[in-house]
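Take a look at the structure set out below.
Residue numbers (the UniProt record's numbering): 1 to 174.
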């Protein structure tokens with residue numbers, strides 16, 4: 001019992017320290033108000049990783065370890081056939097409000113993803129690995145950013161200030 005309590009306390013303390021360290025870097029702003037940038041439309045941009053997308057619908061992508069420390073990742077939400085899908089930014093997880101929900105989604109080409117801020121967990125952004133799309137930092141509830149994915153592939157993204165906490169996501173476009 002004592003060992004379990006000590007281990008739990010150590011995990012809580014180290015997680016709290018990590019969260020406070022990450023939050024210290026979140027007080028700045030990269031400009032931009034709470035306005036929607038209208039999305040970038042276009043080709044999807046960003047880094048794609050088509051060889052790890054699970055080989056088509058029904059497969060479970062491996063993401064090459066990308067989702068390892070993502071606390072709320074429990075598989076890929078299938079949203080194929082939807083023209084627009086909303087992902088919460090600042091959902092509960094990773095020791096606070098440091099997740100995207102759902103963490104990973106599968107969509108059809110031409111689908112628009114709308115990331116909508118919960119107003120929880122300090123300032124967040126959405127930034128594609130390797131470029132392609134990036135929102136402003138915001139902590140405003142209801143703030144949105146959108147991007148239309150017109151090319152098949154796997155697109156990985158992060159909240160830049162909370163990346164080390166596991167605030168990462170993926171969009172598998174078929």
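Glycine included, C-beta positions come from ideal geometry on N, C-alpha and C.
Residue 93 burial status per 10 Å Cβ neighbour count (16 or more: buried):
Translated into positions along the chain shown, residue 93 becomes position 93. By the neighbour-count rule (16 or more Cβ atoms within 10 Å), residue 93 is buried.
Is the number of C-beta pairs between the segment 72 to 81 and the segment 137 to 151 that are closer than 8 Å three or more?
Cβ pair count under 8 Å is below three, so no.
Restricting to Cα atoms, I'd like to know which of 123, 69, 134, 170 is closest to residue 153.
Taking the first residue of the chain shown as 1, we reach residue 153 at position 153. Residue 170 is the option with its Cα nearest to residue 153.
Is residue 138 buried or exposed, if buried means 16 or more other CB atoms sit within 10 Å of its CB?
On the chain shown, residue 138 is found 138 positions in, with the first residue counted as 1. So residue 138 ends up on the buried side.
Identify the continuous beta strand (DSSP E) that holds residue 115 and give its terminal residues.
Numbered from 1 along the chain shown, position 115 holds the residue referred to as residue 115. DSSP places residue 115 in the uninterrupted beta strand (DSSP E) bounded by 111 to 117.
Identify the continuous beta strand (DSSP E) that holds residue 92 and give its terminal residues.
The count along the chain shown starts at 1 and reaches residue 92 at position 92. Counting along the chain, residue 92 sits inside the beta strand (DSSP E) bounded by residues 84 to 93.
With a CB to CB cut of under 6 Å and the five nearest residues on each side skipped, what residues in its chain are close to residue 115?
For the purposes of this step, residue 115 is taken as the residue at position 115 of the chain shown. Answer for residue 115: 87, 89, 126, 145, listed in chain order.
Beta-carbon within less than 6 Å of residue 120's beta-carbon, same chain only, minus the 5 sequence neighbours each way: which residues are those?
Translated into positions along the chain shown, residue 120 becomes position 120. Only 90, 97 meet the Cβ criterion.
Should residue 193 go down as buried or exposed, given a rule of 16 or more other Cβ atoms within 10 Å for buried?
This structure leaves residue 193 out entirely; the chain is present only between 1 and 174.
Going by other Cβ atoms of all chains shown within 10 Å of its Cβ, with 16 needed for buried, is residue 79 buried or exposed?
Position 79 of the chain shown, counting from 1, holds the residue named residue 79. It is buried - the Cβ of residue 79 has at least 16 other Cβ atoms within 10 Å.
Quick check on residue 131: buried or exposed, where buried means 16 or more other Cβ atoms within 10 Å of its Cβ?
Taking the first residue of the chain shown as 1, we reach residue 131 at position 131. In summary, residue 131 is exposed, with fewer than 16 beta-carbon neighbours lying within 10 Å of its beta-carbon over all protein chains present.
Quick check on residue 101: does DSSP put it in helix, strand or coil?
Here residue 101 refers to the residue found at position 101 of the chain shown. Assigned with DSSP and collapsed to three states, residue 101 falls in strand.
Residue 82 and residue 111 - do their beta-carbons sit closer together than 8 Å?
Here residue 111 refers to the residue found at position 111 when the chain shown is read from its first residue. Here residue 82 refers to the residue found at position 82 when the chain shown is read from its first residue. Yes; because the gap between Cβ atoms is below 8 Å, this pair is in contact.
Nearest to residue 67 by alpha carbon, out of 85, 84, 102?
Indexing the chain shown from 1 puts residue 67 at position 67. For the residues 85, 84, 102, the minimum Cα distance to residue 67 belongs to 102.
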